[in-house]
Each structure stands twice: as C-alpha cells, then as structure tokens.
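*Asks:*
In mature numbering (1 follows the signal peptide of the UniProt record, and there is no 0), the protein residues as written are -28 to -1, 1 to 356.
1) Just verifying my parser: in three-state terms, what is the DSSP assignment at residue 91?
2) Along the chain, which unbroken stretches of the beta strand (DSSP E) at least 3 residues long are found entirely within the segment 283 to 353?
3) Do residue 163 and residue 107 have their beta-carbon atoms positioned less than 8 Å apart in this structure?
4) Let me confirm a value: residue 165 is counted as buried when at least 16 other C-beta atoms fall within 10 Å, else exposed. Which label applies?
5) Between which two residues does the alpha helix (DSSP H) containing residue 114 stretch?
6) Which residue wins for smallest C-alpha separation from residue 102, given the options 213, 123, 72 and 144?
7) Residue 156: which of 95, 139, 249 and 238 sits nearest, CA to CA?
8) Assuming contact is defined by CB atoms lying nearer than 8 Å, are residue 207 and residue 175 in contact in what I supplied?
9) Span of the beta strand (DSSP E) holding residue 226?
10) Is residue 152 helix, strand or coil when you go by DSSP?
11) Put residue 20 into one of helix, strand or coil per three-state DSSP.
12) For residue 245, count neighbouring Cβ atoms within 10 angstroms of its own Cβ and tell me buried if that reaches 16, exposed if not.
13) Using CA atoms only, rank isn't needed, just tell me which of 223, 324, 332 and 306 is closest to residue 252.
14) Here's the rule I'm using: 16 or more other beta-carbon atoms within 10 Å means buried, otherwise exposed. How should residue 352 be labelled?
15) Below 8 Å on the Cβ atoms is my contact criterion, and I expect residue 24 with residue 318 to pass it. Report the Cβ-Cβ distance as a whole number of Å.
16) Any idea which residues DSSP pairs residue 74 with across the strands?
17) Given that a residue counts as buried once 16 or more other Cβ atoms are within 10 Å of its Cβ, and exposed if not, what is residue 144?
18) With DSSP as the reference, please indicate the residues paired to residue 212 in a beta bridge.
19) Candidates 38, 28 and 135: which alpha carbon is nearest residue 337's?
20) Among 211, 241, 133 and 69, which residue has its Cα nearest to the Cα of residue 178?
21) In three-state terms, what does DSSP make of residue 217?
22) Taking the C-alpha atoms as reference points, what is the distance between residue 146 and residue 9?
23) When burial is assigned at 16 or more other CB atoms within 10 Å of the CB, is residue 232 buried or exposed?
As structure tokens, then:
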C-alpha cells in the first residue's frame, strides 16, 4: 500500500497512486485553453469538469465528473451535455442500469484542502435526485482487508489509502450485478443487487523493475501494489482490469480475469494506466493519463511524490505543453502496439465500433478549468 498511497484521481489531483496526483488549485482557465484534438481524434463534448469513467447506452454516454461531483449525459449524435446527478462527491465511476445511476465515490487525497470529501462508496441515484449509499466499500475493506496489508500505523493513522473506488461496470457473472475497481483497497469487488459486497479479484503485487525496491507494508516484501483502475468485458467473456502499479514507469498492467475471478493472462509494459477497453476484434486499448509528463509523475520506488509538485515543475519549463501529456495504447490481437495522442485520457469505452475516451481529465492540475472533454478515437489516430 505504501506506493499506492492515494489513487484519488480527484479533481485537482491528477493521479494518486499515492495521491496519484496532488491537489494544485485550478486557476481561472477556460475550455478555450484546451487545444483542438490531434488528427484522428474527434471532440464530441467539451466543458466538462474532471471527466473520469465513460459508460453508455445506444444513444448516450454517461460521464463521471470528479471535479464537479456530478454525472452528465452526452448525446452520441450531437455531443450535447445534460446534467443527470449532482452531489456525488469525487464521482470517479458511473454506470446506468434501468433508471438508476451507480456511482463510484472516491477517497480524497490527504493534501486536498477542498471540502468535497468522497465517501469510498458506491452511490445510487435516479436522474435529478440526490445520491444515497448503495454499498459501503470502506466498511468492507476495514472488515475483510482482501489484500491482507497492514492498514494502520502505531499512531492509529492509515498507512495508505483504504478504499478508493474508481470504476464500476455491470457484472457478466451469473447472478452478479456490479463490479468495482477499488484502487485504494487494491482489489476488484463484486456487489449484489442488495448492495452486499464480496471479493472478486485481488491482483498480485509487482516486484519487477523499480518496484523491486519499493517500500511496502505487507508480507510481500519490496513491491508495488497493482492499484486497479479500469474495468472492461472483452468479447472473449473475460474481465480486463487496468492497474496503475504505483505509477512506476513501464510497470502498469492489464490483468485478464475469467468469470470465476481467476487470472488467465497479464499484459505488461504500460505507464500508469487508468482505463481499459476491448474492441470487437480483441484489441486492447489502455489509457496512460500522465505519459509524457516531464519528470516523475509519482515515485518509481518508495513513497509517491504528490503529482502536484510534478505539475508545477513541468509547467515551469518554458517549452512544456500540457496538450502533449497522455496517450492511448492499442495492443493488437497479435501483440503489436501502436499509440494515439489523446490529452490526459482517463476512462475508455469501446461501443458499437467506436472508441470513446475522457480527455483533459486532470486539466485543472495545470490551471485549466472546465477543459474536460469526451473524444472519439479513430483507428487512424494510432501509429508506431
């Protein structure tokens, strides 16, 4: 947990594998400050506040706006944005089932001074209604501790993030309802229709590369926690789980898990992935939120340096352009990798032959307010 500390991915917090990103206050920027998308990337919706997960139906996309504590609907046809749910603090993930929204409310970074404390819960709400608790993931973590790591120090304070739900999808397991990626609990949790929580998958600690010497508060020895972030069902019937792995360069993972919660394959070599999607042909798409950020977005080994410092340092460089931060990686069925320049992408969704991504997801960290986007990423956007 030490290297995971706080993957809040909250508003002014870029990533938080230990606060994956800090909490630099956003300045009075405007959507116009976010440059146009790269070739092959089409902007569908603009003016969003910290967009994270993107989910959808045949006509609409639903976006969790972490910085605005709300869920918005985006028309696939026109890009029109309409508020659906407000008052969902640190909304990081969302899925709509029938007439209800299920929202992952994250954990606030310890150095975030804003009064927007997340609840480490899955919330439920109808359109226009205030959200209420559906499943308490923090309570489950405190009672069951699926990754079996030491939770509190001798002073009684948490050694690390305890529960930070980041992504939620409908379960395809027989009799299941929801699955949630808990970046703080370091697990994927199953949630029944009644709100009962159980453990579905606990990714292994990573001991390669810079993680081999990383401080850890468990029996695993020096290692990085996986830090699960994104979830997607593939056409093969397996669940794909992106894992930021403490932002250690090149140590991000995508775990392929069957419906029994057993690991069947692991894709390696990513930089702090925060989302995953799978195409109809089996191609795997992975968002790397902070790829290309000058310096270290987090600690490669040991405790993580709050990314606010990294953002400040990057912004101080005369040639720094925040539009160059982030990318989406495509892993073809044969393993070949190509890349698309998408600025600060967080959530991914592959639906009806189209790849959607939330973009400029942490623009507030760089002083650019209301710059969040939902974009469509065409096959032509990917190159070596």
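Just so you know, even glycine gets a beta-carbon here, dropped at the ideal spot from N, CA and C.
None of these values were measured; they are calculated from a predicted model.
*Replies:* Checking against the coordinates, here is how it stands:
1) coil
2) 299 to 303, 309 to 312, 320 to 323, 326 to 331 and 344 to 349
3) yes
4) exposed
5) 109 to 116
6) 72
7) 139
8) no
9) 224 to 229
10) strand
11) strand
12) buried
13) 324
14) exposed
15) 5 Å
16) 67 and 96
17) exposed
18) 204 and 228
19) 38
20) 241
21) helix
22) 40 Å
23) exposed
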